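With the first letter of the sequence shown counted as 1, position 74 gets the number 74 in my numbering; the numbers rise by one all the way through. Glycine included, C-beta positions come from ideal geometry on N, C-alpha and C. These numbers come from a predicted model, not from an experiment. Here is the structure we will look at, set down as structure tokens.
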Amino acid sequence: MSTHKTKEQALRDLGEVVAEEVAIIRTLTVREAAERIWYPGGPSMEQLIERCAGTGLCKPDLEAPAADVTRDESAHATGAQRSNLPSEFPPVMSPKTLAAFLEVTPLTLQRWRNAKTGPVPALVPDSNVIRYTREDVVAWLARHRADWSDS
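Listed below in structure tokens is the structure:
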């Protein structure tokens with residue numbers, strides 16, 4: 001019995017995989033889909049949101065959060081601020097720089113530090129100055145990579 005597939009079998013299998021992926025994508029909002037494909041040094045979150053929205057496959061993002069949910073969107077880096085950032089991670093970053101790279105607020109980084117769930121910070125000796133190393137951030141991101149092996 002041959003283990004090789006015919007062209008027709010391979011195309012049918014590919015079609016099934018694509019259909020499954022489209023079904024998964026249709027369950028995500030535009031922002032959720034963009035967050036799944038974002039990576040450091042890649043396109044900005046706004047560009048990814050625009051691309052995901054352009055496919056027409058994702059659910060539209062929900063309306064603005066309820067008034068009782070407090071999230072300071074203005075504290076997130078704007079596209080203009082991000083365009084001034086280097087295209088690669090510097091070897092050592094301040095919380096503000098890292099927050100801009102990750103497109104989260106410095107307050108989010110502080111919450112992650114307090115909960116011990118974010119990238120491991122380094123403290124400058126004899127001070128309260130917090131810095132993050134590129135290696136620690138990359139390792140943290142790798143540990144939180146989306147697992148699509150079951151998809």
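Beta-bridge analysis with DSSP links isoleucine 130 to Leu123. Around the beta carbon of valine 137, a 10 Å sphere encloses 16 or more other beta carbons of the protein chains shown; the residue is thus reported as buried. With 16 or more other Cβ atoms inside 10 Å of its own Cβ, leucine 102 counts as buried. In this structure, DSSP gives valine 22 a helical state, which the three-state scheme calls helix.
Residue environment analysis places isoleucine 37 among the exposed positions, since fewer than 16 neighbouring C-beta atoms fall within 10 angstroms of its C-beta. Annotated three-state conformation of lysine 96 is helix, per DSSP.
Relative to the Cα of alanine 146, the nearest Cα in the group Pro95, Ala19 and Tyr39 belongs to Tyr39.
Your pair isoleucine 49 and alanine 34 checks out as a contact, with CB atoms roughly 5 Å apart and the cut at 8 Å.
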